[in-house]
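Top to bottom, those sequences are chains A and B. The numbering of the first sequence is the UniProt record's numbering, which starts it at 1 and goes up by one. The numbering of the second sequence is the UniProt record's numbering, which starts it at 1 and goes up by one. Just so it is clear, CB atoms sit at the ideal spot from N, CA and C, and this is done for glycine as well. Quick caveat, the model's predicted, so the values are computed rather than measured. Here is the structure we will look at.
Number of protein chains: 2
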Amino acid sequence: MKHFFMALALLAGITTFAQQQITSPDKNLVLTFALSAKGEPTYELTYKKKPVIKTSKLGIETKDVASMLDGFTIDKAETATFDETWTPVWGEEKSIRNNYNELAVTLSQKAQKGRYIRIRFRVFNDGLGFRYEFPEQPELNYFVIKEERTQFALAGDHKAFWLPGDYDTQEYSTVTSKLSEVRGKMKDAVTPNQSQTPFSPTGLQTPLMMKSQDGLYINIHEAALIDYSCMSLNLDDKNMVLESWLTPDAVGNKGYMQSPFQSPWRTVIVSDKAGDILLSRLTYNLNEPTKFKDTSWIKPVKYVGVWWEMITGKSTWAYNDLTSVKLGETDYSKTKPNGKHAANNEHVKMYIDFAAQHGFDAVLVEGWNEGWEDWFGKSKDFVFDFITPYPDFNVQELHKYAESKGVKIIMHHETSGSVRNYERWMDKAYQFMADNGYNAVKSGYVGDIIPRGEYHYGQWMINHYLYAIEKAAEYKIMVNAHEAVRPTGLARTYPNLIGNEAARGTEYESFGGNNADHTTILPFTRLVGGPMDYTPGIFQTKVNAYNPENNSYIHTTLVKQLALYVTLYSPLQMAADLPETYNKHLDAFQFIKDVAVDWDQTWVLEAEPGDYITMARKAKGKDEYFIGSITDENARTATINFDFLPKGKTFTATIYADGKDADYINNPQSYKITTMKVTSKTKLKQKLATSGGCAISIK
Amino acid sequence: MKHFFMALALLAGITTFAQQQITSPDKNLVLTFALSAKGEPTYELTYKKKPVIKTSKLGIETKDVASMLDGFTIDKAETATFDETWTPVWGEEKSIRNNYNELAVTLSQKAQKGRYIRIRFRVFNDGLGFRYEFPEQPELNYFVIKEERTQFALAGDHKAFWLPGDYDTQEYSTVTSKLSEVRGKMKDAVTPNQSQTPFSPTGLQTPLMMKSQDGLYINIHEAALIDYSCMSLNLDDKNMVLESWLTPDAVGNKGYMQSPFQSPWRTVIVSDKAGDILLSRLTYNLNEPTKFKDTSWIKPVKYVGVWWEMITGKSTWAYNDLTSVKLGETDYSKTKPNGKHAANNEHVKMYIDFAAQHGFDAVLVEGWNEGWEDWFGKSKDFVFDFITPYPDFNVQELHKYAESKGVKIIMHHETSGSVRNYERWMDKAYQFMADNGYNAVKSGYVGDIIPRGEYHYGQWMINHYLYAIEKAAEYKIMVNAHEAVRPTGLARTYPNLIGNEAARGTEYESFGGNNADHTTILPFTRLVGGPMDYTPGIFQTKVNAYNPENNSYIHTTLVKQLALYVTLYSPLQMAADLPETYNKHLDAFQFIKDVAVDWDQTWVLEAEPGDYITMARKAKGKDEYFIGSITDENARTATINFDFLPKGKTFTATIYADGKDADYINNPQSYKITTMKVTSKTKLKQKLATSGGCAISIK
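Encoded structure:
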């Protein structure tokens, strides 16, 4: 009998010893850990008995100490269960349940005098998370990572929604294709960007969304990226195996570690229902609870801003037309203003008035400070000082004016990637904010990083982004970081991180356009790690109405822009268009004014990545509900089932819908607004135009 | 006639057009500038009609714009004269004369639409300085330097006192050889160092000291190194041409420039008298006057310190024997002290008592702060915080104690090369100093630089060193920076930079030893750019008296150590040995107590680089004079002529001399002290032992 089973094991290919297994609380997910015959750690994951991750290897390849790849034995295997509910400071739900079964295996390598590591697995109902831990011990102190060797062996040539792997940007358009097609499509996918470093013909970013032929939705990402290099994935397209590919530093090393320490969690979210991906809070659940004692200063923000007019080219960030300036030496008061500088006192006051009139919390102002004339593309070290305004921007005067209207101004810290410079000024810059009534900052990292040789997603920069967030918290400042690393749920620990960009946003509609299906994908990819400051709300979809030389156009109908406030969750929501345009469509604008930015509950009514999303949400602490429905380039009829509403009550729904002949290219501004009474029994069949949408506010 | 001269010009080799010429005020030096037939800028220098620099090319090779190497025409040639006397805050003289003739040539390249640069030459009686200037203009804004192409074509195979060119260290022993021998001697010259990056088999550092066969002393260096990469030299040993070789950054670029800007000055100090090299103040004269309004807080310092006992291995910097610590996480109060931690309250108080008893200004304390257990060799980012003391070092208590005795404690900021970390803590660290009575800091940059890939002498770090000095001035703090770039006269502009190491100092006597002629060379090389914190004064020359496992010994007699206080100028002078040893030789120690650290006037009585130096100095504001005389491994009789003394006055001279049978290896501590009356007519023939000296205090 023994021989029979051994033969079976040999037939199985990888001989496994001492298998360890745990399941999700509902038992749908089964995680198996085992060592191969060579003592390599491996794991596999099934969902409702279907393979999600086939037997995959784990390990770390080191540069200066012996690698942690094989020759392991299992010292200990400990299991645990966890079930608690916690309350986020802001979010898509009022409370979040954190329920998992855990397996922690302690492995040692005899060849390294018993040096040991730990791999911890947590299986939730919505997926798996696992990480490497390096406990403090005499045999393991400092080591340098050459590459992490975490595999995700996929069960098939899945459909994937992917971005080219890159050390510096996530602003590519998502490509939808089979994994086997990645290699052929990579060249066209790598479109030009101001800072980009693609690294492999089959390199992919995370979050990576996939759909198997047997209907499983699978998302791979990471959680709690702290003091470690950002993980991309490299696809072995012969065997359909993804492997971790970390971001190197200037000299090619991929991480500097000192025990005790741990890697971020590698996450696999899986379900047979697409909506479960959107409703998974696994990434947050794997992050540490916040230690902030007081979070009263952290509040979701609805804002307008002096921004879109510069993005479209109608106005400038810069004050004058010099091609080269030196801060502290160039006397701006003696230079000739270019007449197109948007961030001037009068114009900003107009925005403040508009914000106050329509109940917005804040006005973002970009281009307020000296240095924009040569801010980009020069590898300029001392590019901004973050505290010196242009001659036509009076900080104190505008602060008082905004305060008198009950509106805040959002600070802007564009760093140009010059990070030593930003850190040198950071305390002064944050104090300047505190002294002048600012409580939120949008930061940016446009362009190649200085120190030169570092990448946006290397350990060095990961460390910096968190340094900026932690220091901001000392000053009670909220941070919205653009061009920084994509989020990995850190906002649970640092709830003042209220936004990131880290993907292709609305600005790209002005730089040539986004695909019509772009926002039907983003919640399945980018938003899995945290909210995105997508800045929707463009009503004038033809950019040449603002700048005759720019023929880009927003690839959606006007109504789809409204729906995005529901389908693209963010605690920080911008009405990005110009007040003069909103003033022409105040009826449609009403939705943006009404929509909440913080929620008690969220439902996915229907969703298919790349095709359509219909979501409903209940405003936090109010008896108000909002529905958003969007489609891709195909017109469709959305089925909107109001059964999420509390039973036995009647509500008034205001429905913002595409006009009958609306079309995102030829007739984007065609819309109609109707009201109707609804209850939990209401079912609505709603027509959406090509790249159209529907937005409903329910009170 | 015209044809005749043209023929002559052709015969001359390089056809020169529109020659420009200026001389030193005394006309001994003649600087000629001309363009070659290809429009390359060239210069040459003669001294008393002897060639110093033969026709040599100038230019900048750029990476991203057209290079500035050839195709030039001369737009303008402007001359000027300057003659003023200025007063340094501290120095070897009370006042310094700055007298030169200047030639500024403006050159443009037609192929670059008239883009122009300027080369400015200043000829002093003691040498030449020249630099490149990049005026602000539409055709020249930002550019990246690939290499500077400044040549120094030498007139012969000079004797040279050289260090291997390196991007990270100057701590090599000086090699004395002909230039033609550099290549063969390079391998042995590159001795191990904790951070080193030699770059060429014929690479050399500056200051570079040379002596021609026709008796000219020639020194090449740079002045005013600000926001530029440090220059080394690469020797073409076929043609005896040196060319500038800048320090690259992590990606191989050698400088990021924005006009208007200028390079540092390239300097050639020349004389037929060796002493003139030591008395040249050309480097300072080429730096900008200070803008500091108040310099009353900057004072020369004589100090002792808790340091040599750690260097010898008798004690430790570290508090305990852990191999890995994490600041803020490791609870030091719960660890077991190793019993050898020198920077403890009781021991420091002993040093404070000693300093007070003997009239020293300050006590340096190294190893006072958390982090020394794993501070080195781990590429550790967050290695020190500069504000958290060990459990046995009470900052406030020791501050009060020192203050009550009229003594200061000198702060120590070892950065371990982790520079982002140092900058993050710098304001807090300086404020901590101000709060606790510290007014001077010794900083250190031991180990490879973090950000990894940068070098100690690249533009990135040059910028950092000055940032630290400027910020220190805001807090009225004096800086003594070790392992930083060698000075280039910046202390004229920033007089709070009172010291650097930037060469092989006394500590190397404990790491195997310095050559017997080492300190007869240093004033001709390293000290040309500024003072060195050499930390002399070791009386117990056998290190195994302190640490039986360390058989190194100081390669000088005791008396030579006294003489160094005169021959190695520094406004910051340490009596580096242990109090217990000084207490055994209080008679000899008296010289160190008496010797001044700031001077009205300096004379070189006799000197030959690598062989001997005898100097005299007058103490600032006092009728006191001090003489120091040193020799190399050869015993000699020094001729000490007291004619520098004011005529008609009699002084009492206390003469500290090597004993009759003193010998730096076998009998280093043999000395005798005598007194005699001296006048300006006195001539003394003084015997110096092997690597011996003589020190005389005159009152």
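Item                                                                                                                                    : Value
Any C-beta of chain B under 7 Å from that of residue 323 of chain A                                                                     : yes
Rounded Cβ spacing between residue 202 of chain B and residue 237 of chain B (contact assumed at less than 8 Å)                         : 5 Å
Exposed unless 16 or more other CB atoms sit within 10 angstroms - verdict on residue 408 of chain B                                    : buried
Ordered list of alpha helix (DSSP H) runs contained in the segment 300-371 of chain A, each at least 4 residues                         : 308-311, 345-357
Counted within 10 angstroms of its Cβ, other Cβ atoms place residue 617 of chain B as buried (16 or more) or exposed                    : buried
C-alpha gap between residue 15 of chain A and residue 70 of chain A, whole angstroms                                                    : Caution applies to residue 15 of chain A, whose pLDDT of 43 falls short of 50 and renders its modelled position unreliable; the value that the coordinates give is listed next. Those two C-alpha atoms are separated by around 14 Å.
Interface flag, residue 89 of chain B vs chain A, CB-CB below 7 Å                                                                       : no
Element boundaries [beta strand (DSSP E), containing residue 108 of chain A]                                                            : 96-109
Residue 500 of chain A: first and last residue of the uninterrupted beta strand (DSSP E) it sits in                                     : 497-500
Limits of the unbroken alpha helix (DSSP H) element including residue 419 of chain A                                                    : 419-435
Entirely enclosed alpha helix (DSSP H) segments - the segment 437-508 of chain A, minimum 4 residues                                    : 459-474
Proximal chain B residues relative to residue 141 of chain A, where beta-carbon distance stays under 7 Å                                : 323, 324
Residues of its chain near residue 487 of chain A, where Cβ-Cβ distance is below 6 Å and the 5 sequence neighbours each way are ignored : 500, 529, 530
Paired residues, beta bridge with residue 532 of chain B - DSSP                                                                         : B:500
Residue-level contact to chain B via CB, residue 166 of chain A, 7 Å cutoff                                                             : no
Any 3 or more C-beta pairs closer than 8 Å across the segment 632-641 of chain B and the segment 509-521 of chain B                     : yes
Selected residue, minimal CA-CA separation from residue 258 of chain A, among B:557, B:265, B:380                                       : B:380
Below-7 Å beta-carbon distance, residue 465 of chain B vs any chain A residue                                                           : no
Closest residue to residue 23 of chain A among A:44, A:39, A:545 (Cα-Cα distance)                                                       : A:44
Cβ neighbour criterion (16 or more within 10 Å) applied to residue 458 of chain B                                                       : buried
Nearest-angstrom Cα separation, counted from residue 222 of chain A out to residue 300 of chain A                                       : 25 Å
Residue 203 of chain B - DSSP class collapsed to helix/strand/coil                                                                      : strand
Beta-carbon proximity list for residue 684 of chain A, same chain, < 6 Å, skipping 5 on both sides                                      : 640
CA nearest to the CA of residue 80 of chain A, picked from A:92, A:278, A:102                                                           : A:102
Residue-chain proximity (residue 378 of chain B, chain A), Cβ-Cβ < 7 Å                                                                  : yes
Stretch-stretch touch, CB-based, cutoff 8 Å, three pairs: the segment 469-484 of chain A with the segment 264-282 of chain A            : no
Nonlocal neighbours in the same chain, by C-beta distance under 8 Å from residue 469 of chain B, ignoring five residues either side     : 479, 481, 490, 494, 496, 497
Exposure of residue 333 of chain A, with buried meaning 16 or more beta-carbon neighbours within 10 Å                                   : exposed
Residue-chain proximity (residue 455 of chain B, chain A), Cβ-Cβ < 7 Å                                                                  : no
Reference residue 636 of chain B, options B:691, B:350, B:672, B:673, closest by Cα                                                     : B:691
Environment of residue 586 of chain A [buried if 16+ CB atoms lie within 10 Å]                                                          : exposed
Endpoints, alpha helix (DSSP H) assigned at residue 566 of chain B                                                                      : 558-567
C-alpha gap between residue 714 of chain A and residue 196 of chain A, whole angstroms                                                  : This structure leaves residue 714 of chain A out entirely; chain A is present only between 1 and 699.
CB contact check: residue 115 of chain A to chain E, cutoff 7 Å                                                                         : You won't find chain E in this structure, because its protein chains are A and B.
Beta-carbon spacing of residue 68 of chain B, residue 117 of chain B below 7 Å                                                          : yes
Check whether residue 31 of chain B and residue 72 of chain B have beta carbons under 7 Å apart                                         : no
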